[in-house]
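Undergrad: I'd like to ask you about the structure that follows.
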Amino acid sequence: MRLKLRNIFLVYFVVSSAGLMYALLQLGQQCDCTHSTNYALRKEQLSHRGKENLPIIYVVTPTFARPHQRAELTRLSQTLLLVPSLHWILVEDSAERTAAVAELLAQSDLPYTHLNVQTPLAMKLKDSDPNWLKPRGVEQRNEALRWLREHRSPGDRGVVYFADDDNTYSVKIFQEMRYTQKVSVWPVGLVGGLRYEAPLVDNGKVIGFHTAWKTHRPFPIDMAGFAVSLSLLLTHPNARFDPDAERGFLESSLLGQLVTLRELEPRADNCTKVWVWHTRTEKPKLKQEDMLEKQGRGSNPKIFV
Ligand SMILES: *[C@@H]1O[C@H](CO)[C@@H](O)[C@H](O)[C@H]1NC(C)=O
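Using our numbering, the first residue of the sequence shown is number -4, and each one after it goes up by one.
Structure representation (structure tokens):
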């Protein structure tokens, strides 16, 4: 009898210790996250890890030097890090590629291409001009198109997205655009004087647009609201943004050469979800810099900000 009790106690001890050990080991593990909202993204990352067959998302970002440039680019680059199979094409509006941007790119851990092209002076926005006066980033986006046509062939699977450096992007929008046949579209938040602009969708087809500004535009879609398949761009070698396009017509100037309205592919739950926002960053106030400089103790220009 005594022996049996001891055996029962021993078995109980071994089982509970094993249970405790197992629980402790689990504490350090990553969760499977099947219940989390990031599940789709994780699944995409995990199921394609090491595989080469995911179409590449080419993110084209025009950028120009300003005090908060590296802050914007850091924020964007760290969003892009969450997206598998992505290639960042950063195009500076400058006579030369700058060290401040080159360093940021080199440390970004992203596959990237660093380009530059200077906007002709006549087209350039002056500091005093309101930012809607002339379209910005036209030459830079066209330079990226030129690079893609030179370095990729129509057989390569990919999609091209024009992502300005000051917008806010959910990783979801990149999942939505990856398998674009021709041109995919979705809503953009905080744009055009509205809470959002969006394509209107009926039966899975775009039939019009929710917009309040220049509603006669052929494609009243913000730059952040569409992506174009790489092969479509490469099979239309002359398609580009028109630097002389009327204000608001820049997106239409490219899309009009590539698709019809009926061919647009609605994404983001038939254009009912906002997963990109046309946010703007306040201009930093740096007026104390002049004062310190006059006193001969200005900020160190060698420190990148
Ligand atoms: C979009 O609408 C079409 C037609 O109503 C429907 O078949 C399709 O499942 C919808 N797509 C999504 C992602 O909700």
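Here a beta-carbon is modelled for each residue, glycine too, at the ideal position from N, C-alpha and C. Note that the structure is predicted; figures quoted are calculated from it, not measured.
Using three-state DSSP, classify D197 as helix, strand or coil.
TA: Correct three-state label for D197: strand.
Undergrad: So, using beta-carbon positions, are A222 and T175 closer together than 7 Å?
TA: A contact, by the Cβ cut-off of 7 Å.
Undergrad: Check whether the stretch 143 to 153 touches the stretch 236 to 245, counting contact only when three or more Cβ pairs, one atom from each stretch, lie closer than 8 Å.
TA: No, the stretch 143 to 153 does not touch the stretch 236 to 245.
Undergrad: Give the range of the alpha helix (DSSP H) segment to which W142 is assigned.
TA: Note, W142: alpha helix (DSSP H), V133 to H146.
Undergrad: So which residues put a beta carbon under 6 Å from any heavy atom of ligand 1, going in chain order?
TA: Cβ atoms closer than 6 Å to ligand 1 belong to N198, G199, D264 and N265.
Undergrad: Does the Cβ of Y53 have 16 or more other Cβ atoms within 10 Å, making it buried, or fewer, making it exposed?
TA: Buried, by the Cβ-count rule.
Undergrad: Do V269 and G184 have their CB atoms nearer than 7 Å?
TA: Contact flag set, yes.
Undergrad: Around the Cβ of H273, are there at least 16 other Cβ atoms within 10 angstroms (buried) or fewer (exposed)?
TA: H273 should be labelled buried.
Undergrad: Can you give, in chain order, each stretch of the alpha helix (DSSP H) that sits fully within the stretch 157 to 184 and has at least 4 residues?
TA: Runs of the alpha helix (DSSP H) inside the stretch 157 to 184: 166 to 172.
Undergrad: Residue range of the beta strand (DSSP E) that S224 falls in?
TA: That run of the beta strand (DSSP E) goes F221 to S224.
Undergrad: Which residues in the same chain have their Cβ closer than 7 Å to the Cβ of N111, if we skip the five residues on either side of it in sequence?
TA: Around N111: V86, E87, S89, E91 and R92.
Undergrad: Quick check on DSSP: helix, strand or coil for C26?
TA: With a pLDDT of only 48 at C26, under 50, the local geometry of the prediction cannot be trusted, and the value read off the model is given with reservation. It is coil, neither helix nor strand.
Undergrad: Are V201 and L256 close, meaning C-beta to C-beta below 7 Å?
TA: Contact: yes.
Undergrad: From V196 to L77, what distance separates their C-alpha atoms?
TA: Approximately 29 Å between the Cα atoms of the pair.
Undergrad: Are G188 and K209 close, meaning C-beta to C-beta below 7 Å?
TA: In this structure, K209 does not lie closer than 7 Å to G188 by Cβ.
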